[in-house]
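Chemist: This is the structure I want to talk about, given as structure tokens.
Structure, rendered in structure tokens:
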């Protein structure tokens, strides 16, 4: 099976812009979770989608949003970008994150200037 | 709230030797899962090993094994016969709601 894929892999934006990141899960996986990784804060959970519904949410401002499509592909959107949003954004998929292992994609590295 | 602590920011091991990475966690749940993930310089997070809290037997995956002490809330990773390709950052993580809570990571250096 193909692994989790994320596009784009690298992105440079300026403050105030918005960005959309995409994640395609492993075939058959219905759960997609998003994590932010920064040197200062480490790995932090953003949100999780299961069968097109947001099932879990981390402590991030409303500028961070996401959605999941009927084919389980997920997108994450960040509006009004801030310098502090520069990070590696990791997507992970699982059959069901409540009990099953999450498998990660290669990440999208976002730089906000 | 769940927390995960890795007290060793950096570790080093000689090739072919054994190294143990430490992890402690805190949770009030009785049903949870513990993981070790490896993140090499490529930044791709790779699952190393998984442990279900209800299982008393320690998980093993080839050269990787864990020492799961539920009462002490300790979950250490032992890497035997270390190889150069084991050099990476290792993250301990716990989950009971599907949300992975990660430790700060341990950078492992493998010396030839």
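Chains as they are written, first to last, in this note's numbering: chain U, 552 to 664; chain D, 206 to 317. Glycine is no exception: its CB is placed at the ideal position from the N, C-alpha and C atoms.
1) To which residues does DSSP link residue 599 of chain U through a beta bridge?
2) Beta carbon of residue 583 of chain U, beta carbon of residue 656 of chain U: below 7 Å?
3) If you draw a straight line from the C-alpha of residue 225 of chain D to the C-alpha of residue 630 of chain U, how long is it?
4) What's the call for residue 307 of chain D, buried or exposed, on a 16-neighbour Cβ count within 10 Å?
5) Would you say residue 593 of chain U lies against chain D (beta-carbon separation less than 7 Å)?
6) So with Cβ pairs under 7 Å, would you call residue 307 of chain D a contact of chain U?
7) When the cut-off is 7 Å and only beta carbons count, does residue 207 of chain D lie next to chain U?
8) What residue ranges within the segment 217-294 of chain D form continuous beta strand (DSSP E) runs of no fewer than 3 residues, ordered along the chain?
9) Kindly list, in the order they appear in chain U, the residues whose Cβ is closer than 8 Å to that of residue 302 of chain D.
10) Please classify residue 613 of chain U: does DSSP put it in a helix, a strand, or coil?
11) Please state whether the Cβ-Cβ distance between residue 632 of chain U and residue 564 of chain U is less than 7 Å.
12) For a contact defined as C-beta to C-beta under 7 Å, what are the partners of residue 635 of chain U on chain D?
Modeler: Walking through what the data contain:
1) By 1-based counting over the first chain, the position of residue 599 of chain U is 48. Bridge pairing for residue 599 of chain U: U:584, U:607 [DSSP].
2) Here residue 583 of chain U refers to the residue found at position 32 of the first chain. Here residue 656 of chain U refers to the residue found at position 105 of the first chain. Between residue 583 of chain U and residue 656 of chain U, the gap from beta carbon to beta carbon reaches 7 Å or more.
3) Taking the second chain and counting its residues from 1, one reaches residue 225 of chain D at position 20. Taking the first chain and counting its residues from 1, one reaches residue 630 of chain U at position 79. For residue 225 of chain D and residue 630 of chain U, the distance between alpha carbons rounds to 42 Å.
4) In the second chain, the residue the question calls residue 307 of chain D occupies position 102. Counting C-beta atoms within 10 angstroms of its own C-beta, residue 307 of chain D has 16 or more neighbours from the protein chains shown and is therefore classed as buried.
5) Taking the first chain and counting its residues from 1, one reaches residue 593 of chain U at position 42. Yes, because at least one Cβ of chain D sits closer than 7 Å to the Cβ of residue 593 of chain U.
6) As a working note, residue 307 of chain D is residue 102 in the second chain. Taking Cβ atoms only, chain U reaches closer than 7 Å to residue 307 of chain D, which makes this a yes.
7) Locating residue 207 of chain D in the second chain gives position 2, counting from the first residue. It does not; no Cβ of chain U falls within 7 Å.
8) The segment 217-294 of chain D contains these whole beta strand (DSSP E) runs: 224-226, 229-231, 238-244, 251-257, 269-274, 279-284.
9) Counted from its first residue, the second chain places residue 302 of chain D at position 97. Within chain U, the residues near residue 302 of chain D are 607, 649.
10) Reading the first chain from its first residue, position 62 is the one you call residue 613 of chain U. Residue 613 of chain U falls in the coil class under three-state DSSP.
11) To locate residue 632 of chain U, count along the first chain from 1; it is residue 81. To locate residue 564 of chain U, count along the first chain from 1; it is residue 13. Judged by their CB atoms, residue 632 of chain U and residue 564 of chain U are nearer to each other than the 7 Å cut-off.
12) The sequence position of residue 635 of chain U within the first chain is 84, counting from 1. Among the residues of chain D, none has a CB under 7 Å from the CB of residue 635 of chain U; the nearest is roughly 19 Å distant.
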